[in-house]
Amino acid sequence: NERMVGKAEKLAALGQLAAGIAHEIRNPLTSLKGFSQILKERTTGQEAEYVAIMLEELNRIQNIVNEFMLLSKPQEHFILKEHYMNHLISHVIKILEPEITLNNMNIITCFSNDIYAQVDDSQLKQVLINLIQNAIDASSTKRSDIIIYLNEIDQVYYEIKIVDFGIGISEERQESLFQPFFTTKEKGTGLGLMVCKRIIEQHKGSIELISKEGFGTTVKIILPKKITEGAPSK
Ligand code: ADP
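Counting along the sequence shown from 1, when you hit position 71 you're at 192 in UniProt numbering, and nothing is skipped either side.
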């Protein structure tokens with residue numbers, strides 16, 4: 122147990138260091154991106170191709186940096202308000218609609234109740250965007266649909282389930298899913314699920330992936346409707 126505490130502290134210190142570096146990288150990165158953008162407009166032929174690759178790679182760095190910043194966001198930036206979860210989920214689906222249509226897929230929603238719950242909406246949206254994006258990535262070759270469930274479990278808890286019928290995840294890979302930088306995608310950062318887990322845990326909830334290779338994946342999130350005791354009702 123003592124070893125666990127030591128490890129947790131080390132991880133926290135490492136996280137702070139990483140966040141500090143991520144923060145420092147942001148400004149020079151913005152300027153690099155800006156100048157590359159200008160170059161892109163002024164170059165042609167082979168050189169334009171190189172600049173396009175530079176921009177793509179800079180975007181990739183930016184994604185990693187952004188996810189790192191989110192990961193290490195201090196607790197005080199965590200703002201809880203009550204929201205209708207069905208509205209929040211529908212909003213996220215709207216954001217991803219262009220990509221869903223482009224892939225000829227559908228997202229089917231199955232909301233059994235109106236659930237009014239305390240969340241940091243921008244963080245929870247980030248979780249849902251990550252998870253639905255993963256479901257789209259896994260399903261795009263099959264063009265299979267995605268189903269999102271929202272159910273009340275009891276007085277205290279509700280559940281969000283994102284079900285896809287995509288490529289699934291092999292058993293050996295399932296162990297590494299929440300590890301930083303674990304990715305099977307050419308353009309992945311491997312930070313998405315780690316960020317999701319962190320945010321869900323901040324909301325005193327749990328997240329679990331159930332998957333069968335070749336058949337699909339279900340992500341199950343369980344969250345309490347009220348997070349802090351004695352929080353003002355409505
Ligand atoms: P990224 O999406 O950048 O790879 P994530 O942490 O979100 O990072 O996901 C890590 C890995 O987990 C993915 O690369 C993929 O292999 C696997 N994964 C996550 N969600 C799914 C899913 N719904 N179906 C299949 N594989 C998934």
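We put the CB at the ideal spot given by N, CA and C, even for glycine. Model, not experiment: these values are computed from the prediction.
N- and C-terminal bounds of the beta strand (DSSP E) containing residue i
| i | result |
| --- | --- |
| Asn272 | Ile267 to Glu273 |
| residue 365 | Not covered by the structure: residue 365. The range shown for the chain is 122 to 355. |
| Asp242 | Careful: Asp242 lies outside any beta strand (DSSP E), inside the alpha helix (DSSP H) at Asp242 to Ser260. |
| Gly337 | Gly337 to Pro345 |
| Glu329 | Ser327 to Lys333 |
| Phe232 | Ile228 to Phe232 |
Beta-carbon contacts of residue i that lie in its chain and below 8 Å, excluding the five residues immediately before and after
| i | result |
| --- | --- |
| Tyr205 | Asp235, Ile236 and Tyr237 |
| Ile210 | Thr230, Phe232, Leu249, Ile269, Leu271 and Ile281 |
| Gln323 | Gln196, Phe199, Asp241 and Gln244 |
| Arg181 | Lys308 and Thr310 |
| residue 121 | Residue 121 is absent from the model: the chain starts at 122 and stops at 355. |
Nonlocal neighbours in the same chain, by C-beta distance under 6 Å from residue i, ignoring five residues either side
| i | result |
| --- | --- |
| Ile320 | Gln244 and Val248 |
| Ser297 | Phe303 |
| Val340 | Leu252, Ile283 and Leu330 |
| Met315 | Phe299 and Pro301 |
| Gly335 | Gly289 |
| Glu130 | none |
Euclidean distance between Cα positions of residue i and residue j
| i | j | result |
| --- | --- | --- |
| Lys264 | Pro219 | The sequence given here has Arg at residue 264, not Lys. Taking the straight line from one Cα to the other gives about 14 Å. |
| Lys202 | Asn272 | 20 Å |
| Lys355 | Glu293 | Note that Lys355 scores 38 on pLDDT, short of 50, meaning its location in the model is unreliable; the coordinates nonetheless yield the value given after this. Computed Cα separation, rounded: 45 Å. |
| Ile159 | Glu170 | 14 Å |
| Gly311 | Asn227 | 25 Å |
| Ala256 | Lys308 | 15 Å |
| Ile214 | Lys154 | 29 Å |
| Ile146 | Leu176 | 16 Å |
| Lys246 | Thr338 | 20 Å |
| Asn148 | Lys306 | 27 Å |
| Ser291 | Pro301 | 18 Å |
| Val172 | Asn184 | 18 Å |
| Phe156 | Asn224 | 33 Å |
| Ile221 | Ser332 | 21 Å |
| Thr267 | Phe286 | For the record, residue 267 in the displayed sequence is Ile; it is not Thr. C-alpha separation (whole angstroms): 7 Å. |
| Gly313 | Gln276 | 30 Å |
| His212 | Lys161 | 34 Å |
| Ile348 | Thr164 | 54 Å |
| Leu150 | His208 | 35 Å |
| Glu178 | Tyr278 | 41 Å |
| Gln239 | Gln254 | 24 Å |
| Gln295 | Asp258 | 17 Å |
| Ser152 | Thr262 | 36 Å |
| Ile174 | Ile274 | 48 Å |
| Ala134 | Gly141 | 11 Å |
Cβ neighbours of residue i in the same chain (closer than 7 Å, five flanking residues each side left out)
| i | result |
| --- | --- |
| Gly326 | Ile342, Ile343, Leu344 and Pro345 |
| Ile216 | Ile250 |
| Lys318 | Phe299 and Ile328 |
| Ala143 | Val186, Phe189 and Met190 |
| Ser260 | Met226, Ile267, Asp285, Phe286 and Gly287 |
N-terminal and C-terminal residue of the alpha helix (DSSP H) that residue i is part of
| i | result |
| --- | --- |
| Lys282 | Run containing Lys282: none in the alpha helix (DSSP H); it sits in the beta strand (DSSP E), Tyr278 to Asp285. |
| Arg321 | Looking at the sequence shown, residue 321 is not Arg but Ile. Element bounds for Ile321: Gly313 to Gln323. |
| Gln295 | Glu292 to Gln295 |
Any non-hydrogen atom of the ligand COA within 7 Å of residue i CB
| i | result |
| --- | --- |
| Asp285 | Inclusion of the ligand COA in the displayed structure is not the case, the ligand content consisting of the ligand ADP alone. |
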